[in-house]
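Undergrad: Sequence lines, in order, name chains A and B. Residue numbering for the first sequence follows our numbering, beginning at 2 and increasing consecutively. Residue numbering for the second sequence follows our numbering, beginning at 2 and increasing consecutively. Virtual Cβ for every residue (Gly too), placed ideally from N, Cα, C. Below you will find the structure I want to go over with you.
Protein chains: 2
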Amino acid sequence: MTDVNLTLEDADALVMRVLRTNGCDEANARAVADTVMAAERDICHSHGIFRIPGYVASLRSGKVNGKAAPTVKQIAPGALQVDADRGFAPLALERGRQPLIDLAREQGIAALAVRDMHHFAALWVEVEPIAEAGLAAFAWTAATPMVAPAGGTKPLFGTNPMAFAWPRKDGSSMAFDMATAATARGEIMIMARDGKQAPPGAGIDAEGNPTTDPNAILAGAQLPFGGYKGSAISMMIELLVGALIGDKLSFEAGEADIKDGGPPPGGELIIAIDPNRFGDPDGWLAHGEKLFDAMKAQEGLRLPGERRHQNRLKTPSEGIFLPKSLYDTVCGLEA
Amino acid sequence: MTDVNLTLEDADALVMRVLRTNGCDEANARAVADTVMAAERDICHSHGIFRIPGYVASLRSGKVNGKAAPTVKQIAPGALQVDADRGFAPLALERGRQPLIDLAREQGIAALAVRDMHHFAALWVEVEPIAEAGLAAFAWTAATPMVAPAGGTKPLFGTNPMAFAWPRKDGSSMAFDMATAATARGEIMIMARDGKQAPPGAGIDAEGNPTTDPNAILAGAQLPFGGYKGSAISMMIELLVGALIGDKLSFEAGEADIKDGGPPPGGELIIAIDPNRFGDPDGWLAHGEKLFDAMKAQEGLRLPGERRHQNRLKTPSEGIFLPKSLYDTVCGLEA
Chain A
2 MTDVNLTLED
12 ADALVMRVLR
22 TNGCDEANAR
32 AVADTVMAAE
42 RDICHSHGIF
52 RIPGYVASLR
62 SGKVNGKAAP
72 TVKQIAPGAL
82 QVDADRGFAP
92 LALERGRQPL
102 IDLAREQGIA
112 ALAVRDMHHF
122 AALWVEVEPI
132 AEAGLAAFAW
142 TAATPMVAPA
152 GGTKPLFGTN
162 PMAFAWPRKD
172 GSSMAFDMAT
182 AATARGEIMI
192 MARDGKQAPP
202 GAGIDAEGNP
212 TTDPNAILAG
222 AQLPFGGYKG
232 SAISMMIELL
242 VGALIGDKLS
252 FEAGEADIKD
262 GGPPPGGELI
272 IAIDPNRFGD
282 PDGWLAHGEK
292 LFDAMKAQEG
302 LRLPGERRHQ
312 NRLKTPSEGI
322 FLPKSLYDTV
332 CGLEA
Chain B
2 MTDVNLTLED
12 ADALVMRVLR
22 TNGCDEANAR
32 AVADTVMAAE
42 RDICHSHGIF
52 RIPGYVASLR
62 SGKVNGKAAP
72 TVKQIAPGAL
82 QVDADRGFAP
92 LALERGRQPL
102 IDLAREQGIA
112 ALAVRDMHHF
122 AALWVEVEPI
132 AEAGLAAFAW
142 TAATPMVAPA
152 GGTKPLFGTN
162 PMAFAWPRKD
172 GSSMAFDMAT
182 AATARGEIMI
192 MARDGKQAPP
202 GAGIDAEGNP
212 TTDPNAILAG
222 AQLPFGGYKG
232 SAISMMIELL
242 VGALIGDKLS
252 FEAGEADIKD
262 GGPPPGGELI
272 IAIDPNRFGD
282 PDGWLAHGEK
292 LFDAMKAQEG
302 LRLPGERRHQ
312 NRLKTPSEGI
322 FLPKSLYDTV
332 CGLEA
């Protein structure tokens with residue numbers, strides 16, 4: 002059975018209809034659809050329409066508030082907090098974004114803590130607009146316990162992604178976004194769906210033995226990337242989005258979650274920095290480009306996110322390709 | 002030939018004499034010795050007295066100003082900048098530390114950019130005191146080009162360490178400090194000195210071929226930890242301590258350095274965050290401990306830095322053990 006080819010506009014309209022029908026108000030549907038469609042536009046399937054059944058499950062179970070009205074407040078001269086009102090992350094992040102950008106420009110550096118949200122997306126979508134506004138940005142979030150710390154055998158950390166974005170001279174951005182798990186959960190889910198093997202080092206089974214069976218990993222534990230180093234970074238993210246901002250550690254989220262197939266409850270921390278307020282206001286942009294040029298001078302080297310930016314040029318004319326089974330599933334969620 | 006056993010006090014006195022004799026004023030000698038002796042106290046040889054010949058080489062060549070008078074200024078409501086006056090990093094960092102702590106408490110989050118310095122130390126020494134003051138802290142610095150980006154063949158990045166520290170309930174801290182290179186440069190230098198092999202994945206030779214010969218790696222390129230993920234983090238650190246703060250990228254530092262065996266010129270960025278200004282002022286400390294307890298409940302798991310803290314309890318009574326050849330070399334630098 003062939004894939005289904007949809008224009009970005011038609012795919013967006015489908016996503017919007019499904020979200021509205023299942024209890025999202027217009028603002029939440031629009032924010033979630035923008036996030037999902039940014040992934041589809043860049044051909045990042047694991048965070049695109051593939052996630053819609055999970056979003057819908059959490060609306061139908063009542064776990065997530067489809068009509069959430071996130072509110073932003075300033076909690077310190079350099080820090081903002083968004084109460085996400087038990088909604089999906091995208092609207093909360095959208096509401097906090099411009100205030101964060103404004104505050105970072107004023108202060109030099111500022112933080113945005115988002116609490117009481119449900120996150121099911123890629124982080125690059127969230128830091129790219131901040132970099133396109135001329136700021137450097139970090140983002141971190143946690144999840145449910147799926148990753149054993151290096152040296153351990155039981156899930157404790159989330160896949161705990163971190164992202165970083167930096168402004169480019171053409172007004173675009175360089176952004177990377179990595180799970181601190183060796184392999185993104187979404188990719189392992191897709192490997193399981195497609196009957197493929199996971200790469201060695203991706204995880205261990207429920208008894209703690211190494212395995213490349215994606216279903217065994219989903220039932221056991223993923224492993225951090227880079228051994229003890231990636232494990233330390235994952236732990237840092239737990240501290241930042243759990244203890245620091247006053248939301249849930251991954252294992253607390255796992256205990257609180259009703260496991261309806263959608264995103265668990267949790268928080269997110271974003272830090273934005275305005276290079277214009279630091280040491281070289283006139284030169285920093287060209288200085289970053291000098292690094293990128295030196296990287297690209299090495300044959301075969303690509304910048305992080307370069308493939309996404311190339312895909313972004315193609316999908317507006319070529320559309321996207323969805324597996325027929327996924328397309329049928331999502332269409333079935335309209336009812 | 003056996004190692005030489007010295008008390009911490011005698012080792013400190015030796016280091017101070019060597020630094021003074023070679024052109025450090027009292028403040029700079031004290032700050033460098035404190036940093037070197039913190040590493041010795043925790044039995045981190047690669048950043049301890051092993052570095053003294055390099056420090057001295059840079060004083061003798063005139064590259065580093067042993068009488069540097071670092072100055073701190075506020076460059077934005079949330080950001081400080083230290084002009085290190087072409088000195089070693091420790092005094093510049095010491096001068097910036099309390100102002101950074103004060104500013105982070107006031108603002109919620111604050112950054113310290115140190116420029117025009119020469120860094121030859123471990124970063125955990127620099128973030129632990131900030132965490133002991135009750136704040137979370139990040140630190141990043143770059144170096145000379147020694148690491149090929151993932152997918153590349155030529156040195157471009159430094160070993161670019163990052164550190165993070167978090168306050169503990171007993172007033173101490175959890176700190177990790179990792180080179181984004183697969184293996185710390187100092188460790189490869191020690192492997193070369195001791196005639197040992199480097200682990201697979203540590204680096205490539207001058208022709209770009211994988212090797213475990215530490216001398217071939219020192220002449221070729223190290224590799225980042227964790228493949229493309231570690232490489233992206235290393236790139237991020239270049240942007241932060243080069244372009245953002247207006248100091249040198251690693252390859253610029255390599256061009257500017259006179260290669261006297263001591264530390265290259267460069268910058269450092271530290272970010273401090275006050276959890277008391279975020280979402281859970283009364284609960285964050287216990288919340289962090291809850292994570293640490295869950296980690297330690299997995300058999301065999303240690304927290305980052307735990308071994309250093311154990312060593313710290315031993316060396317005041319047992320002293321430290323220096324290879325005789327290193328001890329003789331350092332004693333020879335008194336003349």
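Step through the CB atoms of chain A and report whether any lies within less than 9 Å of the CB of Glu107 of chain B.
TA: Taking the second sequence and counting its residues from 1, one reaches residue 107 of chain B at position 106. Glu107 of chain B counts as touching chain A.
Undergrad: What does the Cβ neighbour count give for Asn210 of chain B, buried or exposed, with the cut at 16 atoms within 10 Å?
TA: Translated into the one-based positions of the second sequence, residue 210 of chain B becomes position 209. By the 10 Å Cβ count, Asn210 of chain B comes out exposed.
Undergrad: Does chain A have any CB closer than 9 Å to the CB of Thr142 of chain B?
TA: For this step, residue 142 of chain B is matched to residue 141 along the second sequence. For Thr142 of chain B, the answer is no, since every Cβ of chain A falls outside 9 Å of its Cβ.
Undergrad: Figure out for me which residue from A:His310, A:Pro305, A:Ile274 has the closest Cα to the Cα of Asp103 of chain A.
TA: Numbered from 1 along the first sequence, position 102 holds the residue referred to as residue 103 of chain A. Per the Cα distances, A:Ile274.
Undergrad: Does the Cβ of Lys315 of chain B have 16 or more other Cβ atoms within 10 Å, making it buried, or fewer, making it exposed?
TA: Within the second sequence, the letter at position 314 stands for residue 315 of chain B. Exposed, since its Cβ has fewer than 16 Cβ neighbours within 10 Å.
Undergrad: Ends of the beta strand (DSSP E) at Leu323 of chain A?
TA: Position 322 of the first sequence, counted from the start, is the residue given in the question as residue 323 of chain A. That run of the beta strand (DSSP E) goes 321-323.
Undergrad: List the residues that DSSP assigns as beta-bridge partners of Val73 of chain B.
TA: Numbered from its first residue, the second sequence carries residue 73 of chain B at position 72. Val73 of chain B is bridged to B:Val83.
Undergrad: Could you list which residues in chain A have their beta carbon closer than 7 Å to that of Lys64 of chain B, in chain order?
TA: In the second sequence, the residue the question calls residue 64 of chain B occupies position 63. What Lys64 of chain B touches in chain A: nothing, since even the nearest Cβ is about 21 Å away.
Undergrad: Check the Cβ of Asp281 of chain A against every Cβ in chain E and list those closer than 9 Å, keeping chain order.
TA: No chain E appears in this structure, whose protein chains are A and B.
Undergrad: Cα separation between Leu292 of chain B and Ala111 of chain B?
TA: What you label residue 292 of chain B is simply residue 291 of the second sequence in a count that begins at 1. What you label residue 111 of chain B is simply residue 110 of the second sequence in a count that begins at 1. So the two alpha carbons sit approximately 25 Å from each other.
Undergrad: Tell me which residues of the region 196-227 of chain B have at least one Cβ-Cβ distance to chain A shorter than 8 Å, keeping chain order.
TA: Cβ contacts with chain A come from Phe226, Gly227.
Undergrad: Buried or exposed: where does Gln108 of chain A fall if 16 or more other Cβ atoms within 10 Å of its Cβ makes it buried?
TA: Working through the first sequence from its first residue, we reach residue 108 of chain A at position 107. Buried, by the Cβ-count rule.
Undergrad: If we count Cβ pairs, one from each stretch, closer than 8 Å, do we get three or more for the region 143-152 of chain B versus the region 214-231 of chain A?
TA: No, because fewer than three Cβ pairs between the region 143-152 of chain B and the region 214-231 of chain A fall closer than 8 Å, the two stretches do not touch.
Undergrad: Over what stretch of residues does the beta strand (DSSP E) that includes Thr181 of chain B continue unbroken?
TA: The count along the second sequence starts at 1 and reaches residue 181 of chain B at position 180. Here Thr181 of chain B belongs to no beta strand (DSSP E), and DSSP marks it neither H nor E.
Undergrad: Comparing the C-beta of Trp285 of chain B with each C-beta of chain A, is any distance below 9 Å?
TA: On the second sequence, residue 285 of chain B is found 284 positions in, with the first residue counted as 1. Interface residue, yes.
Undergrad: Give me the residue from A:Phe177, A:Ser235, A:Glu269, A:Leu270 with the minimum Cα distance to Ile234 of chain B.
TA: Counted from its first residue, the second sequence places residue 234 of chain B at position 233. Nearest C-alpha to Ile234 of chain B: A:Phe177.
Undergrad: In chain B, what lies closer than 7 Å to Trp167 of chain A by C-beta?
TA: Within the first sequence, numbered from 1, the residue matching residue 167 of chain A stands at position 166. Residues of chain B passing the Cβ test: Leu240.
Undergrad: Is the beta carbon of Ala336 of chain B closer than 9 Å to that of Asp337 of chain B?
TA: The structure shown does not extend to residue 337 of chain B, since chain B is modelled only from 2 to 336, so the question has no answer here.
Undergrad: What first and last residue would you give for the beta strand (DSSP E) that runs through Met163 of chain B?
TA: To locate residue 163 of chain B, count along the second sequence from 1; it is residue 162. First-last of the beta strand (DSSP E) with Met163 of chain B: 162-168.
Undergrad: For Asp13 of chain B, would you say it is in contact with chain A, using Cβ-to-Cβ distances shorter than 9 Å as the test?
TA: Taking the second sequence and counting its residues from 1, the one referred to as residue 13 of chain B is at position 12. Taking Cβ atoms only, chain A never reaches closer than 9 Å to Asp13 of chain B, which makes this a no.
Undergrad: Shorter than 9 Å from the beta carbon of Asp275 of chain A to some beta carbon of chain B?
TA: Looking up residue 275 of chain A in the first sequence gives position 274. It does; some Cβ of chain B falls within 9 Å.
Undergrad: When DSSP labels each residue in this structure, what does Ala140 of chain B get in the three-state scheme?
TA: Here the question's residue 140 of chain B lines up with position 139 in the second sequence. Strand at Ala140 of chain B.
Undergrad: Would the region 43-60 of chain B count as touching the region 260-268 of chain B if we require 3 or more Cβ pairs under 8 Å?
TA: At 8 Å Cβ cutoff, the stretches touch.
Undergrad: For Val19 of chain B versus Met38 of chain B, is the C-beta distance shorter than 9 Å?
TA: Here residue 19 of chain B refers to the residue found at position 18 of the second sequence. Here residue 38 of chain B refers to the residue found at position 37 of the second sequence. Result no, Cβ atoms of Val19 of chain B and Met38 of chain B do not sit closer than 9 Å.
Undergrad: Helix, strand or coil, according to DSSP, for Gln99 of chain A in the structure here?
TA: Position 98 of the first sequence, counted from the start, is the residue given in the question as residue 99 of chain A. Three-state result, Gln99 of chain A: helix.
Undergrad: List the DSSP bridge partners of Gln223 of chain A.
TA: In the first sequence, residue 223 of chain A corresponds to position 222, counting from 1. BP columns for Gln223 of chain A point to A:Val148, A:Gly204.
Undergrad: If the criterion is Cβ atoms closer than 9 Å, does the pair Gly301 of chain B and Gly153 of chain A meet it?
TA: As a working mapping, residue 301 of chain B is identified with position 300 in the second sequence. As a working mapping, residue 153 of chain A is identified with position 152 in the first sequence. Taking 9 Å as the Cβ cut-off, Gly301 of chain B and Gly153 of chain A qualify as a contacting pair.
Undergrad: For Lys230 of chain A and chain B, any beta-carbon pair shorter than 9 Å?
TA: As a working mapping, residue 230 of chain A is identified with position 229 in the first sequence. Yes, contact with chain B.
Undergrad: Kindly indicate the opening and closing residues of the beta strand (DSSP E) around Ala111 of chain B.
TA: Indexing the second sequence from 1 puts residue 111 of chain B at position 110. Element bounds for Ala111 of chain B: 110-119.
Undergrad: So Thr36 of chain B and Val126 of chain B are in contact, right, with Cβ under 8 Å, and what is the actual spacing, rounded?
TA: Translated into the one-based positions of the second sequence, residue 36 of chain B becomes position 35. Translated into the one-based positions of the second sequence, residue 126 of chain B becomes position 125. About 5 Å separates the two Cβ atoms, so the contact holds.
Undergrad: Contact defined as beta carbons within less than 8 Å: I believe Arg295 of chain B pairs with Phe252 of chain A. What is the distance between those atoms, to the nearest angstrom?
TA: In the second sequence, counting from the first residue as 1, residue 295 of chain B sits at position 294. In the first sequence, counting from the first residue as 1, residue 252 of chain A sits at position 251. Strictly speaking, residue 295 of chain B in this sequence is Ala, with Arg absent from that position. Rounded, the Cβ-Cβ distance is 6 Å, consistent with contact.
Undergrad: For Met236 of chain A, would you say it is in contact with chain B, using Cβ-to-Cβ distances shorter than 9 Å as the test?
TA: As a working mapping, residue 236 of chain A is identified with position 235 in the first sequence. By this cut-off, Met236 of chain A is an interface position.
Undergrad: Could you give the distance in angstroms between the alpha-carbon of Phe139 of chain A and the alpha-carbon of Ala164 of chain B?
TA: Taking the first residue of the first sequence as position 1, residue 139 of chain A is located at position 138. Taking the first residue of the second sequence as position 1, residue 164 of chain B is located at position 163. Each residue's Cα considered, the two are about 15 Å apart.
Undergrad: Anything in the region 149-163 of chain A with a Cβ closer than 7 Å to a Cβ of chain B? List those residues in chain order, please.
TA: For the region 149-163 of chain A, which is checked against every Cβ of chain B, the residues closer than 7 Å are Pro150, Gly152, Gly153, Thr154, Lys155, Leu157.
Undergrad: If distances are taken between C-alpha atoms only, which option among B:Gly320, B:Arg169, B:Gly228 comes closest to Ala287 of chain B?
TA: Position 286 of the second sequence holds residue 287 of chain B. The residue with the shortest Cα to Cα distance from Ala287 of chain B is B:Arg169.
Undergrad: Let me see if you follow: with CB-CB separation under 9 Å, is Ala137 of chain A close to chain B or not?
TA: Numbered from 1 along the first sequence, position 136 holds the residue referred to as residue 137 of chain A. Cβ-Cβ to chain B under 9 Å: yes for Ala137 of chain A.
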